[in-house]
Amino acid sequence: MPLDRVAFETVVAAAAMIEGAIQAFNDHRWVHFACHGAQHAERPFESWFAMEDGKLTLIRIIQERHTCSEFAFLSACHAAQGDRSTPDEVLHLAAGLQFSGFNGEIRKLWKVDDAVAHRVVTQFYQKMFE
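Read in order, the letters of the sequence shown are residues 178 to 307 in our numbering.
Structure representation (structure tokens):
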């Protein structure tokens, strides 16, 4: 299916609120986060995505148990960055999304230049829907 025939909803700026993101998890099978994110190594449930009205924490995401969720593209810094001392035991933002019901995701491990991230994301979706 061509990318220009795919239905989507864009939530940006002032509309990108915590409750709106939670609702998007329940309304859409796919979600895409293009925002800041942070991993909290000592308290991983406090890791977060930056929303317009605050931090959408991992514990909040996990508590929701999303029934519609299928795929998440996490174009957020540190979405899958773990703890170097225990790399196999880490709970990061991407793992939290899987615990909350997502079947799969693509995620960034570190900070990437916005222009580069835009090119990668554009190519991904174009190839996905060719």
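Even glycine gets a Cβ: it sits at the ideal position worked out from N, Cα and C. From a predicted model like this one, the values you see are computed outputs, not experimental measurements.
Length of the line joining the Cα atoms of residue i and residue j
i, j, result
"residue 227", "residue 288", "14 Å"
"residue 249", "residue 210", "8 Å"
"residue 189", "residue 243", "21 Å"
"residue 282", "residue 229", "23 Å"
"residue 233", "residue 193", "11 Å"
"residue 278", "residue 206", "11 Å"
"residue 240", "residue 208", "17 Å"
Within-8 Å CB hit, residue i to chain D
i, result
"residue 198", "This model lacks chain D altogether; it includes just one protein chain."
Residue i vs residue j beta-carbon contact at 8 Å
i, j, result
"residue 238", "residue 268", "no"
"residue 202", "residue 246", "yes"
"residue 197", "residue 270", "no"
Where residue i falls: helix, strand or coil (DSSP)
i, result
"residue 231", "strand"
"residue 284", "strand"
"residue 193", "coil"
Residues near residue i by beta carbon distance below 8 Å, same chain, minus five either side
i, result
"residue 231", "195"
"residue 187", "none"
Sequence-distant residues of the same chain with beta carbon closer than 6 Å to residue i, five excluded per side
i, result
"residue 221", "268"
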